[in-house]
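The structure under discussion appears below in the form of structure tokens.
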Amino acid sequence: MAMVSADTVLTALTVAAGLSLGVERTLELFKHFIEFGNGSLSPKERADTLKRAAGLVDQVEAVLANPAGRATQSAMTTSVSSGTAPANTPPNAPVVQAAADSEASEKYPPPQISVISMEPLRPQDTGNALFFQFAGVGLGIIFASVFGLHLLSLLTGGLTLSTGVQNGSYLFSLADTLFTGLVIGGGSQPIHVLIRFLTERKVTTGKGEVVEDAEQEVEKTRALAKVISTEGLVVEKKESNALAWIDIPYRGGVSPEQLNNVHRRSGKPNLIVYHHTAMSSSSSFQDVVNEFHVTKKWLTGYHCVIMPDGTIKPFCRWDRSGNHAKGLNDRSLGLSFHGNFHTTPGPYSNADGRFGNQKPTEAQLHAGARVVVLWINLYEDLRLDFNECILSHKQAMRPGYTDCPGSNFPTERFQDLVREYHGAWSQSTIAHNGIEAFKQLPYVYA
């Protein structure tokens, strides 16, 4: 059986998704016309509705006109709420306990639930639903024939988008058209799910070679990430950019407008807490943002993320409190090195290298040191003090709370770089001018 290339399969599915969307829109338009025609009540439906309303009015008037009935009803209500039986209740009849006597009702009143009887499903509604189901399949079959799209032949290896005949079999061609029509008529959402599945999992090439599945792709990107930390790149970065001032791009981080009226600090920053993201070093900055904004549903996170190649990615506004160190967020700045540097065996450790780099790259350490020294120069309550003002997440929290930034984080190397940058920039006119320009940017000071 001939193998089908991934591009061909995805192209065919994309065409099918487009046709399916066209079927959905066509049926929606047709449904609107039908509903428009059926929008008014027939004379019989109007008469039935008025008759039911008149019956309800008669029942209410009958109750209001019968004082004895109201008294009996009141007595029953009183006896139920008090746990006693009315006078005309048989001696051996059980006493009904009201909901008001239960323990749960001491704080919460019993719920009042109105019971509404369901109207039986009209034959017309059932007929309309069946009609639109069959109409969708019919339109799908028509589109499949007109556009010559045959998914069954394609997925089983009979590569063709222009003919449904495989091995001279007319029945197979007919079945292929019916199958494609069912797929198109079933809606565009299932096709999108299939496309996403194929792009994330295993596919085959036209030469019969198998492309790595998701696990193998992760291995490849992990190996690529480890290349970043090779000695050659360390030397290159160190020789070309060591201790020099480099402009740091900062425009308020991700969506700064969302924090205009929230997460205000009670005072100026007086603490820097550095972390690791504990994520794979091959994942993207957007993955870090999604972890906070999408998964955790938080507006803020780290103030700055340092990627393995040394790229500095501002996340939250620096004039607002982040969400990175519980109990210390109000007046702290959060710096995070992207990757997982905890190599002590455990459920979330990177002892086997499954999260990529097992320690920060030299480029990351240099970039992180630049950000720390910049913050020290921007905020007067920060000092070059690794006992009070610049702490790892583990140092800042109570013992045993966290291992962040990981057991393999080179703390001494990072502290040495911070000291070296601080000393070099204090004597650099270029660095001084860069810091002064930074003070004029928005989202730096509250």
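This note's numbering numbers the first residue of the sequence shown as 60 and each following residue consecutively. Don't be surprised by glycine CBs; every beta carbon is placed ideally from N, CA and C.
Per DSSP, the bridge partner or partners of residue i
| i | result |
| --- | --- |
| Phe238 | The partner list for Phe238 (beta bridge, DSSP) is empty, contrary to what the question assumes. |
| Arg457 | DSSP, once it has assigned bridges, lists no residue as partnering Arg457. |
| Tyr333 | Leu394, Ser451 |
| Ile365 | Ile371, Phe396 |
| Arg478 | In the DSSP output, where bridge partners are listed per residue, Arg478 has none listed. |
| Arg379 | Arg323 |
Nearest residue (CA-CA) to residue i, options the options
| i | options | result |
| --- | --- | --- |
| Leu387 | Arg457, Val74, Phe400 | Arg457 |
| Cys375 | Phe400, Asn467, Gly393, Leu198 | Gly393 |
| Ile250 | Leu72, Arg472, Thr461, Leu208 | Leu72 |
| Arg379 | Gly312, Gly199, Thr402, Ala483 | Gly312 |
| Pro328 | Leu318, Gln499, Val431 | Val431 |
| Gly326 | Gly465, Glu316, Asn416, Ala505 | Ala505 |
| Glu79 | Phe190, Ala203, Asn399 | Inspection of the sequence shows that residue 79 is occupied by Ser rather than by Glu. Considering only alpha carbons, the answer is Ala203. |
| Lys385 | Asp368, Phe206, Pro404, His334 | His334 |
| Leu233 | Phe414, Cys363, His209 | His209 |
| Ile243 | Leu443, Gln454, Leu86 | Leu86 |
| Glu421 | Gly240, Ala301, Asp444 | Ala301 |
| Ser342 | Asn399, Pro406, Leu230 | Asn399 |
| Ala455 | Arg390, Asp346, Gly493 | Arg390 |
| Gly207 | Gln192, Asp235, Leu189 | Asp235 |
| Phe191 | Gly245, Phe231, Leu230 | Gly245 |
| Glu316 | Met338, Trp377, Asp346 | Trp377 |
| His362 | Gly482, Ser314, Thr403, Pro406 | Ser314 |
Three-state secondary structure (DSSP) of residue i
| i | result |
| --- | --- |
| Lys356 | coil |
| Ala157 | Caution is warranted here: a pLDDT of 33 is assigned to Ala157, below 50, making its placement in the model unreliable, and the coordinate value is therefore given only provisionally. Looking at Ala157 - three-state DSSP - the assignment turns out to be coil, as it is neither helix nor strand. |
| Lys372 | strand |
| Arg310 | coil |
| Arg472 | helix |
| Val68 | helix |
| Arg111 | helix |
| Asn467 | coil |
| Pro404 | coil |
| Phe206 | helix |
| Phe191 | helix |
| Thr73 | helix |
| Leu433 | helix |
| Leu302 | coil |
| Asn151 | In this prediction, Asn151 has a pLDDT of 42, which is less than 50 and means its spatial position is unreliable; what the coordinates show is noted afterwards. In this structure, Asn151 counts as coil in the three-state DSSP scheme. |
| Gln486 | coil |
| Gly386 | coil |
| Leu198 | helix |
| Val503 | coil |
| Asn492 | helix |
| Asp117 | helix |
| Asp346 | helix |
| Ser79 | helix |
| Ser232 | helix |
| Gln417 | coil |
| Gly427 | helix |
| Ser339 | coil |
| Leu441 | coil |
Beta-carbon proximity check, residue i vs residue j, cutoff 9 Å
| i | j | result |
| --- | --- | --- |
| Asn382 | Phe351 | yes |
| Thr359 | His322 | yes |
| Tyr502 | Arg310 | yes |
| Ala426 | Thr336 | no |
| Gln474 | Ile449 | yes |
| Leu424 | Arg472 | yes |
| Ile365 | Ser340 | no |
| Ser307 | Phe89 | At residue 307 the sequence reads Ile, which differs from the Ser that was named. Not in contact: Ile307 and Phe89 (Cβ atoms no closer than 9 Å). |
| Pro367 | Asn319 | no |
| Leu241 | Val205 | no |
| Ala428 | Val477 | yes |
| Leu211 | Thr185 | no |
| Leu237 | Ile200 | yes |
| Val82 | Leu198 | yes |
| Ser451 | Thr403 | no |
| Phe231 | Met338 | no |
Residue i beta carbon near the ligand ADP (any heavy atom closer than 8 Å)
| i | result |
| --- | --- |
| Ala71 | Among the components modelled here there is no ligand, and therefore nothing to report on the ligand ADP. |
Whole-Å CB distance - residue i paired with residue j, under 8 Å assumed
| i | j | result |
| --- | --- | --- |
| Ile331 | Leu441 | 7 Å |
| Pro373 | Pro419 | The Cβ separation is near 18 Å, so there is no contact. |
| Ser408 | His397 | About 17 Å separates the two Cβ atoms, so there is no contact after all. |
| Trp357 | Trp484 | Actually they are not in contact, since the Cβ atoms of Trp357 and Trp484 sit about 33 Å apart, beyond 8 Å. |
| Lys453 | Asp462 | 6 Å |
Chain D within 9 Å of residue i, Cβ atoms only
| i | result |
| --- | --- |
| Pro464 | Included in the structure is just one protein chain, with no chain D present. |
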